[in-house]
Every structure is written in structure tokens, then in C-alpha cells.
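The next block holds one structure in the form of C-alpha cells; read it before the comments.
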Amino acid sequence: MSVINEVAKTRGASREVQKGDGKAAAIFLAPWFVGLVLITAFPLVASLYLSFTDYSLLEAPSWVGLENFQRMFEDPRWWQSLKVTFLYVAVSVPLQLAAALALALLLDRGLRGLAIYRSVYYLPSLLGSSVAIALLWRQVFGADGLVNQVLGVFGIQGYGWVSHPDYALGTLMILNVWTFGAPMIIFLAGLRQIPAMYYEAASIDGAGKARQFFKITLPLLSPIIFFNLVLQLIGAFQSFTQSYIVSNGTGGPVDSTLFYTLYLYQNGFRSFDMGYASAMAWVLLLIVAGMTVVNFLASKFWVFYDD
Amino acid sequence: MTDTPVRPDAHTETTTPWPPVRERRTLTEVAAEIPDAPRQRRTGPQLRRLLKHALLIGFGLVMLYPLLWMLASSFKPNDLIFRETGLIPTEIDLTNYSEGWNALLHPFSHYLFNSAVIVLGSVIGNLVSCSMAAYAFARLKFRGRPIWFAVMLMSIMLPIHVIIVPQYILFSELHWINTYLPLIVPKLLATDAFFIFLMVQFFRGLPKELDEAARLDGCGHGRIFLQIMLPLSLPALATTAIFTFIWTWNDFFSQLIFLTRPDMYTVPIALRTFIDATSNSSWGPLFAMSIVSLVPVFIVFLFGQKYLVKGIATTGIK
Numbered sequence: 001m002s003v004i005n006e007v008a009k010t011r012g013a014s015r016e017v018q019k020g021d022g023k024a025a026a027i028f029l030a031p032w033f034v035g036l037v038l039i040t041a042f043p044l045v046a047s048l049y050l051s052f053t054d055y056s057l058l059e060a061p062s063w064v065g066l067e068n069f070q071r072m073f074e075d076p077r078w079w080q081s082l083k084v085t086f087l088y089v090a091v092s093v094p095l096q097l098a099a100a101l102a103l104a105l106l107l108d109r110g111l112r113g114l115a116i117y118r119s120v121y122y123l124p125s126l127l128g129s130s131v132a133i134a135l136l137w138r139q140v141f142g143a144d145g146l147v148n149q150v151l152g153v154f155g156i157q158g159y160g161w162v163s164h165p166d167y168a169l170g171t172l173m174i175l176n177v178w179t180f181g182a183p184m185i186i187f188l189a190g191l192r193q194i195p196a197m198y199y200e201a202a203s204i205d206g207a208g209k210a211r212q213f214f215k216i217t218l219p220l221l222s223p224i225i226f227f228n229l230v231l232q233l234i235g236a237f238q239s240f241t242q243s244y245i246v247s248n249g250t251g252g253p254v255d256s257t258l259f260y261t262l263y264l265y266q267n268g269f270r271s272f273d274m275g276y277a278s279a280m281a282w283v284l285l286l287i288v289a290g291m292t293v294v295n296f297l298a299s300k301f302w303v304f305y306d307d
Numbered sequence: 001m002t003d004t005p006v007r008p009d010a011h012t013e014t015t016t017p018w019p020p021v022r023e024r025r026t027l028t029e030v031a032a033e034i035p036d037a038p039r040q041r042r043t044g045p046q047l048r049r050l051l052k053h054a055l056l057i058g059f060g061l062v063m064l065y066p067l068l069w070m071l072a073s074s075f076k077p078n079d080l081i082f083r084e085t086g087l088i089p090t091e092i093d094l095t096n097y098s099e100g101w102n103a104l105l106h107p108f109s110h111y112l113f114n115s116a117v118i119v120l121g122s123v124i125g126n127l128v129s130c131s132m133a134a135y136a137f138a139r140l141k142f143r144g145r146p147i148w149f150a151v152m153l154m155s156i157m158l159p160i161h162v163i164i165v166p167q168y169i170l171f172s173e174l175h176w177i178n179t180y181l182p183l184i185v186p187k188l189l190a191t192d193a194f195f196i197f198l199m200v201q202f203f204r205g206l207p208k209e210l211d212e213a214a215r216l217d218g219c220g221h222g223r224i225f226l227q228i229m230l231p232l233s234l235p236a237l238a239t240t241a242i243f244t245f246i247w248t249w250n251d252f253f254s255q256l257i258f259l260t261r262p263d264m265y266t267v268p269i270a271l272r273t274f275i276d277a278t279s280n281s282s283w284g285p286l287f288a289m290s291i292v293s294l295v296p297v298f299i300v301f302l303f304g305q306k307y308l309v310k311g312i313a314t315t316g317i318k
């Protein structure tokens, strides 16, 4: 059902294919293949090469070996961007998934108006990555923004949340949690696949709701939880728009919202330090790939496959 | 509730005497015999359902509040935005819209047009190229298919940031920066491999007998693809078109990089420029244009909901 399961499957795919449609396949795959080579593979290799060079677009790249990677380790802003990104991912992704699962459970069985609730909760996911919403967030959590207006009603004096280094990243985490609708729909689809029979049998045996949740729902849903987790982790690691808009491209205040991708953008497309940016990009790739692999390995211990 | 299950032993054991003799039992003994779950169901459901709805509606309102507030604020004069948390503007004022529309170098319609061209090109590109590749992966037999398929899947997870620098260099060598080309041509070359996967999944679900029969009748792959597979795949094509539309419309990163000349700006870039161009306090016009920028997504959302939900549920896209 998913890209991730599919990746796992193809590793062991048998050689069931005989020759026959080669010519037709070449024609049908031509656009994709050209794109793969020119727009994906070639740039991928090129960025690996550039990561070992000093390149400012104006002169030819000059080989500097591992200097860019060394520089990263000595660059406090690079460490800061890594810290911000990991913190953001570690806090907002679990919260987002918890919200998605909770709402999916509430919405699950035979509730009237399901379609309306589903749309209401899903809408923010579609809009969440847009500049308009990031601008809205900037205002909502601004000094005289909506949040402080509401707090003012209760007599609480708020901060300028987005301009306070302790809270700015938190507002972006809230924005990410707010977009829980997409994983929620995947959870809903997953819950539908659990046979009602199991719950009936369990309740005859006297299992309470909590027990049913931990003994039936969670194990049977674990592949879906895993899928959502991998997907949201990869997505959250690449967040850019929100921090760019909220901090006006700086990653401020005091680099508290300096996402990894934002720092990469600053290096590559503001300072035109393309070599350093490429090195950063490759480290990002290794992090994302490594995280996914770790996830797959760890999944053996908690993901339960029925078949 | 009529379907309250009766414990089977309740009647089997007491069938012998007729007329039935009432056993004398205390109330607690009787109560102990009533199955737990159904009783809960008898008194619980209405109240609990009501509570559930109240919770869901309350939570939904909190979620939508910022959006509705932005909509309301776009009709309010600036000084009211900072004083009112309510949703209904005390006076309706359209000046935010006219002011926002003309606040930048070009009227906002100019940016809408740029976005529309890029979105249209991307939708067409993805539909054509991804469906072609998907047909090959789903139906054609060729050497190395599992390997290429795995490569395609892996390209889905590749962060764009890893290839953006060389892409930028390549496109600037081709003098494509500040044209629509760097944003449309990759779609024509099926670089959004995610949609290939989506369509492969869909094609695999279509009965093979259909195209096998057509082949026996002498149809080539071109005709099978165009006249059998594609017409049957409207849901998958619609899902692709809708998600491509929304993603491209919302895309900020690549547009920010490839479009730097103000007359090439798209809606997201124009919105972002707003902050620099106007003082930080003119939220009214900014909100007005934000609303304008969200309208197309919202319309697509309303009409494409069925496909959006299905697409996300079966394949898990955001």
C-alpha cells in the first residue's frame, strides 16, 4: 500500500521478466529516463563533486578536498541549524502523529458528519506549507497578534512569540502539528482495515477499551504508524518555507529558527558558496537516509505484520 | 435497544418446570447477570456521541479559527485587526483588496498569471510523462525492470536540496533562470516520480484481461495505453492533477531560487516580497492577498476532495 513497503518488497523481487516489450518500454520510459539522468542523477553526482570544491559560480570550481566538511564541524551556525532541525523534528513529529491518531480514533466508527470533520482537519495540511499560512503564523504569534489578543482577554500579557528566541521555534512546531490531517487520513484508512470482529471477541472476553487499544489497535496499526513516521520525519527534515517566512530569511531571532535547509539556502543562494552548500546537502542526504535505515531496522522490534 | 444478548444458560436451565417457577434472587444477583457492555450501550451512546461531537466541533473550530480570522481581517481596516479577535467585521471594507492588489511593482493579476502558467504546465507535464512511465512499469516486460523500478522509488525520497545547486548551475548555463522552463520542464520529464508510483499502483489494479484482449485484436501499446488504460484511470489522473496543482501553487523553495526578476514572480514570491515592500503594520492588504492566493487551492480542495482523500489514504501523500 505504500512507497515504503514497496521499497522493502522490490529488494527481493524475483526475475519474472522476460524480454519482449523492450522497444515499447524504451519509448514509454524515455521522458522519465531523460529526467532521471539530466535532472536527478547528474546533479546528484555533480553536487557530490562540488562538495569537495570551492565554487562561487564566477570561476571554475577548485578542489579543496574535505575542507568543506571540516568547516562544517567548526561552524557554530551549522551546528545550530542541525540542533534546531533535530529539535523541531523530535518534538513536532511525535506530537503531530499523536494528534492524528487521537482524532482518527475519535472519528473512526459510525459517526455522523465524518466527511465534514475529515475535511476540516485535513484542510490545514493542504495549506500548511504555503507562504500565506506562514505569513498568518507570523502575525498570529506576533507581539500584537491574535494569540496575545486572546491571552489579553484573560488578562495575560504575552510575548512577541516569533521574535523571542525561546519561543520562535515552538510556534513553528505548532504549525507542523496543526497539519496533522494528512497522517490522520492514513490512520483512518488503516483503522478501517481492522476487522470489527476482533473488538467484539475482545469485549466478550471482558477486555476494556484501553486494553483493546493496546492489544488490538496499536499492534495492527503499527505498519501504518511506521509509514506515517518515516514520511513525516523525511518531510519535517526538509521544512523550509515556514522558517524562511517567519524569520524573514534570516533564521532569527538569534538563529533560533535556522533550519538546516534555510542555512543551506543562505550559503548557496545568498553567499553563492556553492561548494559548502553542496557539502551540507550531502550531509542532509546521509542524515535522512541514515534515519530511514535506522527506522527500518528498529521497525523489526515494534512493527507487527499480519501476513 | 432490542438486540440485548440473552445469556444462553438463562433459558436452557429453567425450561423444565411449567409454568415457570420464579427463582427468588436478590437484586444484586440479578444485576450481576446483566452483561456489562450492552448496558453501557443503552445509556451511554447518546450522551457519549454528543460529547464526541462537541469535542470534535470545538477542536475543529480552534483549528480553523486562524484561517477564518485571516478572512475576516482581510475585510477590516488595519487598526481594527489589532483590536478585534471576533470573526464578524463591524464594517466591511474592500480597500485592503484594492490596496494589496496594487501594492507591488505589478498588479497582483500578473503574479497570478505567472503561477497559473507554471501550474498548468506542471499538471500537463506530470499527467503525460508520469502516466507513460507508469504504463511501462505496470504492464511492459523489459530487462532490468525491478532495478529501474527500485531506482524510481528511491528517487521519490531524495531531498530536492541535494540536487538544487547543480540544477541551478545547469539551468543558468542554459539561460533558463527567470523563465518558466526550470519549473515546467522537469515535470515533463517525470521528475515527480511519486505520481509514477501512484499510477503504477492504480494500473496494477486494472484487469489484465482487458489489454490482453486488445493485444490479441492487434492493438499496439500506444492504443492500449491511450484507449484502454487512460480512460479507465481517470481517478488516478485526477489525483495526480489535483496534487500537482496544489503543490506547485504552494511551492516556494524552487520558485524562490529560479525566479528572481520581479516580472517573473509567482504568487508565493510576490506575497513574501510584500513584507519588504510595505511596512510591517499593513497586515490588511497582506491578508487580503493571502486570501486571494489561497482561493484556488480552496476551490480545488472543494471539488477534488474525493480524490484527495482517496489518494492520500491509499498512498499516503501530503
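Protein sequence lines, in the order shown, are assigned to chains A and B. Just so we're aligned: 302 in UniProt numbering is position 302 of the first sequence, and the numbers increase by one with no gaps anywhere. Just so we're aligned: 113 in UniProt numbering is position 113 of the second sequence, and the numbers increase by one with no gaps anywhere. The beta carbon of each residue, even a glycine, is placed where N, CA and C say it ideally should be. Bear in mind the structure is a predicted one, so any value in this text is a computation, not a measurement.
Beta bridge counterpart(s) of S62(A) as assigned by DSSP: Note: S62(A) is bridge-paired with D54(A) in the DSSP secondary-structure output.
Burial state of residue 314(A) (16 or more Cβ within 10 Å): Chain A is shown from 1 up to 307; residue 314(A) falls before or after that span and cannot be answered.
Own chain residues within Cβ distance below 7 Å of A104(A), not counting five before or after: M184, F187, L188, L191.
Please report the residue range of the alpha helix (DSSP H) in which P166(B) lies. 164–173 is the span of the alpha helix (DSSP H), which, as asked, contains P166(B).
Looking at A46(A) and the ligand COA, is the gap between the Cβ and the nearest heavy atom below 7 Å? In the structure shown, the ligand COA is absent, as is every other ligand, since no ligand is present at all.
Contact set between N248(A) and chain B, taken where Cβ atoms lie within less than 7 Å: Going along chain B in sequence order, the residues near N248(A) (Cβ under 7 Å) are I275.
Against chain A, does P66(B) count as a neighbour if the rule is that its beta carbon must be under 8 Å from one of theirs? For P66(B), the answer is yes, since a Cβ of chain A falls inside 8 Å of its Cβ.
Opening and closing residue of the alpha helix (DSSP H) in which Y199(A) lies: Following the DSSP letters along the chain, one finds Y199(A) inside the alpha helix (DSSP H) bounded by residues 196–204.
Pairing CB atoms from the stretch 240–257 of chain B with CB atoms from the stretch 185–197 of chain B, are three or more of them under 8 Å? The stretch 240–257 of chain B vs the stretch 185–197 of chain B: in contact.
For G170(A) and G142(A), which I take to be in contact (beta-carbon distance under 8 Å), what is that distance rounded to the nearest angstrom? Contact doesn't hold; Cβ gap of about 14 Å is too wide.
With V61(A) and G275(A) assumed to form a contact (beta carbons below 8 Å), what rounded beta-carbon distance in angstroms separates them? A small correction: the amino acid at residue 61(A) is Pro; Val does not occupy that position in the sequence shown. Going by Cβ atoms, the distance from P61(A) to G275(A) rounds to 7 Å, so yes, they are a contact pair.
Pop quiz: F214(A) and S299(A) are said to be a contact at Cβ under 8 Å. What is the actual Cβ separation, rounded to whole angstroms? Your pair F214(A) and S299(A) does not check out as a contact, with CB atoms roughly 18 Å apart and the cut at 8 Å.
Grab me the residues of G86(B)'s own chain with a C-beta within less than 8 Å of its C-beta, minus the 5 sequence neighbours each way, in chain order. These residues qualify, in order along the chain: A72.
How would you label N96(B), buried or exposed, when you count the other beta carbons within 10 angstroms and need 16 or more for buried? Buried, by the Cβ-count rule.
For R272(B), which option in L285(A), A100(A), S243(A), A289(A) has the closest C-alpha, if you only look at C-alpha atoms? For R272(B), the closest of L285(A), A100(A), S243(A), A289(A) by C-alpha to C-alpha distance is S243(A).
Output yes if chain B places a C-beta closer than 8 Å to the C-beta of L44(A); else output no. Using a CB distance cut-off of 8 Å, L44(A) counts as an interface residue toward chain B.
So, at 6 Å on beta carbons, what are the nonlocal neighbours of T244(B) in its own chain, with the 5 sequence-adjacent residues on each side left out? Answer for T244(B): S122, V123, N126, listed in chain order.
Chain-order list of residues whose beta-carbon lies under 6 Å from that of T179(A) (same chain, five-residue window excluded): A distance below 6 Å between beta-carbons, with the five flanking residues on each side excluded, links T179(A) to the following residues of its chain, in chain order: P124, S125, G128.
Whole-angstrom C-beta distance between M72(A) and V283(A), which should lie under 8 Å: By a beta-carbon distance limit of 8 Å, V283(A) contacts M72(A). Their separation comes to about 7 Å.
As a quick exercise: from P66(B), S115(B), L294(B), G100(B), pick the residue whose alpha carbon is nearest that of I275(B). Nearest of P66(B), S115(B), L294(B), G100(B) to I275(B), Cα basis: G100(B).
To the nearest angstrom, how far is the alpha carbon of Y117(A) from that of Y307(B)? Rounded to the nearest angstrom, the two C-alpha atoms are 17 Å apart.
Three-state secondary structure (DSSP) of K141(B): Of the three classes helix, strand and coil, the one that applies to K141(B) here is coil, per DSSP.
Which word fits M197(A), buried or exposed, when buried means at least 16 other C-beta atoms lie within 10 angstroms of its C-beta? Classification for M197(A): exposed.
Identify whether T260(B) lies in helix, strand or coil by the three-state DSSP scheme. Reduced to three states, the DSSP call for T260(B) is coil.
Taking its Cβ as the centre, do 16 or more other Cβ atoms sit within 10 Å of R11(A), making it buried, or is it exposed? Note on R11(A): pLDDT 47, under 50, position unreliable in the model; the coordinate value appears next. R11(A) is exposed by the Cβ-count criterion.
Cα separation between D79(B) and S282(B)? Rounded to whole angstroms, the separation of the alpha carbons of S282(B) and D79(B) is 9 Å.
Check the Cβ-Cβ distances between S271(A) and every residue of chain B, and say whether any is below 8 Å. For S271(A), the answer is no, since every Cβ of chain B falls outside 8 Å of its Cβ.
Are there three or more Cβ pairs, one per stretch, closer than 8 Å when the stretch 255–268 of chain B is compared with the stretch 178–190 of chain B? The answer is yes - the stretch 178–190 of chain B touches the stretch 255–268 of chain B, with three or more Cβ pairs under 8 Å.
At the 8 Å Cβ level, is G268(A) part of the contact set with chain B, yes or no? It does; some Cβ of chain B falls within 8 Å.
Cβ-based neighbour list, D108(A), same chain, cut-off 6 Å, excluding 5 preceding and 5 following: Here the set comprises L191.
Would you verify that the beta carbon of L220(A) is, or is not, closer than 8 Å to some beta carbon of chain B? No, L220(A) lies away from the interface with chain B (no Cβ there is under 8 Å from its Cβ).
Against L285(A), what residues of chain B qualify as contacts under a CB-to-CB distance less than 9 Å, listed in chain order? The contacting residues are L158, P159, H161, V162.
Which chain A residues are close to P285(B), counting only those with a beta carbon under 7 Å from its beta carbon? None at all; the shortest Cβ gap to chain A is about 12 Å.
8 Å is my cut-off, CB to CB: does V21(B) come that close to chain A? Caution is warranted here: a pLDDT of 43 is assigned to V21(B), below 50, making its placement in the model unreliable, and the coordinate value is therefore given only provisionally. Taking CB atoms only, V21(B) has no neighbour in chain A less than 8 Å away.
Partner residues on chain A for V165(B), Cβ-Cβ distance less than 7 Å: Those are S47, L50, G268, M274, A277, S278, A281, listed as they occur along chain A.
Please tell me whether F259(A) has its Cβ less than 8 Å away from any Cβ of chain B. Any Cβ of chain B closer than 8 Å to the Cβ of F259(A) would place that residue at the interface, and such an atom is absent.
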